[in-house]
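To start, the structure itself, in structure tokens.
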Amino acid sequence: MTLIEEIKIQEEKDIVLCRRACREVARQLQFNLVDQTRITTATSELARNIFEYAGEGIVRIEKISKNMKQGLQITFMDEGPGIKDLNEAMGEGWSSHRGMGMGLPGARKLMDEFSITSTLGEGTRITVTKWRR
Amino acid sequence: MELRIPILKIQDYLIVPIQIDMDDATASRLQQDILTKIEMTEASGVLIDISVMEMVDSYLGRILGDTARMANLMGAEVVLIGMQPAIAITLVELGLRLEGIYTALNIDQGIQLLDNLITQKEENGGS
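Residue numbers (my numbering), protein chains in the order written: chain Z, 1 to 133; chain A, 134 to 260.
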């Protein structure tokens, strides 16, 4: 696992910086255009989640490999209020005030792997992975 | 520095070329600018060119859809033009279908679609 970049999310503009950085890394790792777009879109959803619910957090972009496959792994960490009901948050109907509730389930659909841990009062950590085909 | 997307007027139509990766504030500002410009110019149609947009997430998708519906309420038609294949794929996978939104492959087809929509409206209104 190689750390490529770490980005702080503190203001709304950081969502754009973060998705641009992920797109650049995806391009360098030679993901195809559709996968670059999936990765960029999922990153935008999850970075916005941090900004909206926790106010600030960190996004870590890493290159990983497994069984000769190369992948891009992105971790979204915050010390915000945490999510009370993960099942509900991962469901399609979850409505946030701006995102239409597509943030988490949407990002999961766009990526190959998705894991989330969240503790009330301590924060949330989401890791997503896309493997190069 | 605040970014602003230009809005051009050609005959009865407004053309909005989105050439940058917009942050949320810029997108929301654009929505207001388009509606204000419709009122000021009495434009009957709006073409939003998204052909160079590299991604549309749920927030931007919702802003685009809402803008079209709001313009409809005011009496103007909106057509999104030039959506890249990768964006169409991600939008559908994301579950964002932009229902009721008119789209066209390019600016020529967009203008033709607007012409047709507006002719239809005039015919219905006149009967």
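Yeah, the Cβ is synthetic: ideal placement off N, Cα and C, and Gly gets one too.
Query, Result
"Compute the Euclidean distance between the alpha carbons of LEU163 (chain A) and MET155 (chain A), then round it to the nearest angstrom.", "10 Å"
"What do you get for GLY80 (chain Z), buried or exposed, if any count of 16 or more other CB atoms within 10 angstroms of its CB means buried?", "buried"
"Once you ignore the five residues that flank ILE15 (chain Z) on each side, which residues in its own chain have a CB closer than 8 Å to its CB?", "ILE9, SER44, ALA47, ARG48 and PHE51"
"Can you give me, in chain order, the residues of the segment 192–222 of chain A that have a beta carbon less than 9 Å from any beta carbon in chain Z?", "TYR192, LEU193, GLY194, ARG195, GLN217, PRO218, ALA219, ILE220 and ILE222"
"On the three-state DSSP scale, how would you describe PRO139 (chain A)?", "coil"
"Just the chain A side, please: which residues come within less than 9 Å of LEU33 (chain Z) by C-beta, in chain order?", "GLN217, PRO218 and ALA219"
"Check whether the Cβ atoms of THR129 (chain Z) and GLN73 (chain Z) sit closer than 8 Å, and answer yes or no.", "yes"
"Can you confirm whether ALA160 (chain A), when its beta carbon is compared against all beta carbons of chain Z, has any partner nearer than 8 Å?", "no"
"So what does DSSP say about LEU150 (chain A), is it helix, strand or coil?", "For the record, residue 150 (chain A) in the displayed sequence is Pro; it is not Leu. Three-state result, PRO150 (chain A): strand."
"Report the residue ranges of all beta strand (DSSP E) runs contained in full by the segment 177–203 of chain A; include only those spanning at least 3 residues, in chain order.", "178–182"
"May I ask you to report which of helix, strand or coil DSSP gives HIS97 (chain Z)?", "With a pLDDT of only 43 at HIS97 (chain Z), under the threshold of 50, the placement of this residue in the model should not be trusted, and no figure is reported."
"Ignore the nearest five residues each way along the sequence and tell me which others in GLN70 (chain Z)'s own chain have a CB closer than 8 Å to its CB.", "LEU29, LYS63, ILE64, TRP131 and ARG132"
"Specify, as a first and last residue, the run of the beta strand (DSSP E) that GLN73 (chain Z) falls within.", "69–78"
"Would you kindly report the start and end of the unbroken beta strand (DSSP E) that includes GLU24 (chain Z)?", "Not the beta strand (DSSP E): GLU24 (chain Z) falls in the alpha helix (DSSP H), residues 13–28."
"In terms of DSSP beta bridges, what is SER115 (chain Z) paired with?", "Z:THR127"
"Output the distance between the C-alpha atoms of ARG20 (chain Z) and VAL149 (chain A), rounded to the nearest integer angstrom.", "23 Å"
"In angstroms, rounded to a whole number, what distance separates the CA positions of GLN144 (chain A) and GLU172 (chain A)?", "15 Å"
"Taking DSSP as the reference, what is the three-state secondary structure of LYS109 (chain Z)?", "helix"
"Beta carbon of ILE181 (chain A), beta carbon of LEU213 (chain A): below 8 Å?", "yes"
"GLU12 (chain Z) and ALA160 (chain A) - do their beta-carbons sit closer together than 8 Å?", "no"
"Classify LEU238 (chain A): buried if its beta carbon has 16 or more other beta carbons within 10 angstroms, exposed otherwise.", "exposed"
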